[in-house]
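Straight run, no breaks: the sequence shown in my numbering ends on number 164.
The beta carbon of each residue, even a glycine, is placed where N, CA and C say it ideally should be.
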Amino acid sequence: MAVHKTSRSGLFLLELMIVILFFAVTSAVCVNLFVQAHLTSTAGGELTAATREVQSAAEWLKAADGDLEKLAAQLDAKAADGRLDLYFDIGWNRTGAQDAIYTVTVLCAGQRMVLPGGGEIAPAPTGREDYFSAVVAVWNEKGEILQIPVEKYLG
10 MAVHKTSRSG
20 LFLLELMIVI
30 LFFAVTSAVC
40 VNLFVQAHLT
50 STAGGELTAA
60 TREVQSAAEW
70 LKAADGDLEK
80 LAAQLDAKAA
90 DGRLDLYFDI
100 GWNRTGAQDA
110 IYTVTVLCAG
120 QRMVLPGGGE
130 IAPAPTGRED
140 YFSAVVAVWN
150 EKGEILQIPV
160 EKYLG
């Protein structure tokens, strides 16, 4: 009677391949989660900085009673045609237009601006002399990041 010994190496190699496949799939899922977390964190940081700059510009505009020339003097910027632009680099430091990544735009009522990547900024006119209305928005080459209306009674 002949006794056949079965080789266990084939079973071991199959088990090893299954374990390697499991770890490969698990590591791919983990890398994807880390990438998504990084992208979410970056977008959150961008939105936080954009909110800070938009709120700051809106408060300066209210303090200037809606006068863009006065606001431009306070912020060391240039206002023209009912519009004022502030330019920021990737670290949200003020810069010139040629180096800008982000632009904060103050747009008075009655003006209109089309953004790159679609969308527009168009504050509604108030129709009252004792009231001003404007929009402060921040945008980049992809489009609008944040927009808030600014209104103040001047009476």
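Distance between ALA33 and LEU56, taken at the CA atoms: about 35 Å.
In this structure, ALA89 sits away from LEU80, with a CB-CB distance that is not shorter than 9 Å.
Counting every other CB atom within 10 Å of its CB across the protein chains shown gives TYR162 a total below 16, marking it as exposed.
THR114 counts as buried, since at least 16 other C-beta atoms from the protein chains shown sit within 10 angstroms of its C-beta. Annotation for ASP74: PHE141, LYS161, LEU163 place their beta carbon closer than 8 Å to its own, counting only its chain and skipping 5 residues before and after. Here DSSP, grouped into helix, strand and coil, assigns THR135 to coil. Every alpha helix (DSSP H) stretch that sits fully inside the segment 16 to 86 and reaches 4 residues is listed by chain position as 18 to 72, 77 to 84.
For ILE154, the enclosing beta strand (DSSP E) covers residues 152 to 162. Per DSSP, reduced to three states, the secondary structure at ASP108 is helical. One thing to note: ALA106 has its Cβ no nearer than 9 Å to the Cβ of ARG121.
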